[in-house]
Structures are given as C-alpha cells and as structure tokens.
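*Asks:*
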Amino acid sequence: MLEKFETNKEDIFILVIDIQERLIKAMEEGPSLITNVQKLLMGATILDIPVMVTEQYPKGLGSAIPAITDCLKNTTPISKMTFSACAPQVLEVLKTQNVKNIVIVGMETHVCVFQTARQLLKEGYDVFLAADGICSRNKELKENGLNLIENMGAVITNVETLLFNWLEVAGTDSFKAISKIVK
2 MLEKFETNKE
12 DIFILVIDIQ
22 ERLIKAMEEG
32 PSLITNVQKL
42 LMGATILDIP
52 VMVTEQYPKG
62 LGSAIPAITD
72 CLKNTTPISK
82 MTFSACAPQV
92 LEVLKTQNVK
102 NIVIVGMETH
112 VCVFQTARQL
122 LKEGYDVFLA
132 ADGICSRNKE
142 LKENGLNLIE
152 NMGAVITNVE
162 TLLFNWLEVA
172 GTDSFKAISK
182 IVK
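Structure representation (structure tokens):
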C-alpha cells in the first residue's frame, strides 16, 4: 500500500498541462500556480527529471507562458485539441522514457488535468498531482477536480514534498540548490 506513495527521480516524468497566455488570466490562483510550477521545473532541471509541456488549442488560447517555458531547455510544447494531454505522441514519449510515475501540474484541474489523470491511470501509470501546481477558474472547481482524481487513485501532494522526496538526503549540492528554490 505505501509503495503507491513512493517516487524516485529515476522513475518520474513531469507533465505540464496547458499553462497558456489566455487561460492563465482567468485563473483565480494563477500567480501562485506559476510560482510553484517554476519551483518544480527548476528542481527538475537540477535533478535531471524529464518534462513535457502541452498546449490546448494554441491558436485560440495562446502559447505556453514564458514564465514556464523559460525554466526549460530544449522543450517544445506539444499542441493538442483533446482535453486529455494523452495524445498518441505523448504516450509514445512516456513509453520510451520507461517511467512508471507521472507528476501532473497545470490547468484546469476539473477538465484537462482530470481527463489526463484518468487516462494515465487507465494506462497503468502511477499519477501524482502537485495540488499547489494546478488550478481551475475558481477554488470550487479545483477542489471538485482534486476529489475526483484522488478517488480514481492518484496521489495528491505538493511541489515541496515531491522535490524533497526525490532528494532523499540533505547536504548535497542538489539539496542546497533546491533549498534555495523553495525558500
């Protein structure tokens, strides 16, 4: 049972869902979401954890915001029309990465994040949601989405717990760098 809550940096992949120019403006928790996702992505860079970014209908909703894409090197967002981020090319990348655990951040919790988590769970992945790295237009929709996703079997956590879980030990260069990020 406790294995469900274990992740390690060698078996993890981060999926950033639809943090886009026009969408972010409508999000009640948009500023805090950006800050927390930036922390996660900076930590992922330090720990060499792979990341993928998706964009929902970028022609109408704009591109992934620079505050997010600037945290990543050599990452081109994947465009999608489906609400789920599990497009065939995304699932193919996950298979080639040979990972079991997927961390999801992004928006909106009750639509794209929910449908992505559901599909990943169906595909046999263990899904972790950083609750401080996801949002919806309002807190009620976010809370409803989180409850649905947790009831399906995903683990609800937060950015700082994920980062320190991957570190496992203090005193390393990675620990020092990530400690500066989260403060």
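For reference, each letter of the sequence shown is one residue, going 2 to 184 in the working numbering.
In this text, a Cβ means the ideal position worked out from N, Cα and C, and glycines have one as well.
Keep in mind that this is a model prediction, so the values were computed, not measured.
1. Taking all protein chains shown into account, decide if Pro67 is buried (16 or more other Cβ within 10 angstroms of its Cβ) or exposed.
2. Could you name the residues of the same chain whose beta carbon sits closer than 7 Å to that of Asn166, not counting the 5 residues immediately before and after it, in chain order?
3. For the alpha helix (DSSP H) containing Gln21, list its first residue and its last residue.
4. Beta strand (DSSP E) containing Phe129: first to last residue?
5. Alpha carbon to alpha carbon, what distance is there between Ala27 and Lys10?
6. How many angstroms separate the CA atom of Lys40 from the CA atom of Gly107?
7. Taking C-beta to C-beta, are Gln116 and Ser85 nearer than 8 Å?
8. Mind checking whether Ile157 and Leu122 have CB atoms under 8 Å apart?
9. On the premise that Ile13 lies in contact with Ile50, defined as a C-beta separation below 8 Å, what is that separation, rounded to the nearest angstrom?
10. Can you tell me whether Asp133 is buried or exposed? The criterion is at least 16 other CB atoms within 10 Å of its CB, across all chains shown.
11. Take Lys74 as the anchor and find which of Val170, Thr162 and Val52 has the nearest alpha-carbon.
12. Using a Cβ-Cβ cut-off of 8 Å, state whether Leu73 counts as contacting chain C.
13. Can you list, in chain order, the residues of its chain whose CB lies under 8 Å from that of His111, leaving out five sequence neighbours each side?
14. State the start and end residues of the unbroken beta strand (DSSP E) segment that holds Ser80.
15. Just how far apart, CA to CA, sit Lys60 and Thr173?
16. Which value, in whole angstroms, describes the spacing of the CA atoms of Ile25 and Leu164?
17. Taking 7 Å as the limit between beta carbons, can you name the residues of its chain near Arg119, skipping five residues before and five after?
*Replies:* For this structure:
1. Residue 67 sits at position 66 when you count from the first residue of the sequence shown. Under this definition Pro67 is an exposed residue.
2. Translated into positions along the sequence shown, residue 166 becomes position 165. Excluding residues within five positions, the ones whose Cβ falls inside 7 Å are Thr8.
3. What you label residue 21 is simply residue 20 of the sequence shown in a count that begins at 1. Taken as a continuous stretch (DSSP letters only), Gln21 belongs to no alpha helix (DSSP H), as it is neither H nor E.
4. Locating residue 129 in the sequence shown gives position 128, counting from the first residue. Note, Phe129: beta strand (DSSP E), Asp127 to Cys136.
5. Reading the sequence shown from its first residue, position 9 is the one you call residue 10. Reading the sequence shown from its first residue, position 26 is the one you call residue 27. Whole-angstrom Cα-Cα distance: 33 Å.
6. For the purposes of this step, residue 40 is taken as the residue at position 39 of the sequence shown. For the purposes of this step, residue 107 is taken as the residue at position 106 of the sequence shown. Cα-Cα distance, rounded: 13 Å.
7. On the sequence shown, residue 116 is found 115 positions in, with the first residue counted as 1. On the sequence shown, residue 85 is found 84 positions in, with the first residue counted as 1. The answer is yes: Cβ separation under 8 Å.
8. Position 156 of the sequence shown, counted from the first residue, corresponds to residue 157. Position 121 of the sequence shown, counted from the first residue, corresponds to residue 122. In this structure, Leu122 does not lie closer than 8 Å to Ile157 by Cβ.
9. In the sequence shown, the residue the question calls residue 50 occupies position 49. In the sequence shown, the residue the question calls residue 13 occupies position 12. Right, the Cβ-Cβ distance comes to about 6 Å (below 8 Å), so this counts as a contact.
10. For the purposes of this step, residue 133 is taken as residue 132 along the sequence shown, with counting starting at 1. By the 10 Å Cβ count, Asp133 comes out buried.
11. For this step, residue 74 is matched to residue 73 along the sequence shown. Selected option, being the one with the closest Cα: Val52.
12. Here chain C cannot be found, since the structure has a single protein chain.
13. Counting from one through the sequence shown, the residue named residue 111 turns up at place 110. Within the same chain, His111 has close Cβ partners Ser137, Leu142, Lys143, Asn145, Gly146 and Leu149.
14. Numbered from 1 along the sequence shown, position 79 holds the residue referred to as residue 80. Where Ser80 is concerned, the enclosing beta strand (DSSP E) stretches over Ile79 to Lys81.
15. One-based indexing of the sequence shown puts residue 60 at position 59. One-based indexing of the sequence shown puts residue 173 at position 172. Near 44 Å, if we compare the C-alpha coordinates of Thr173 and Lys60.
16. Position 24 of the sequence shown, counted from the start, is the residue given in the question as residue 25. Position 163 of the sequence shown, counted from the start, is the residue given in the question as residue 164. Rounded to the nearest angstrom, the gap between the Cα atoms of Ile25 and Leu164 is 24 Å.
17. Position 118 of the sequence shown, counted from the start, is the residue given in the question as residue 119. Taken in chain order, the residues that qualify are Met153.
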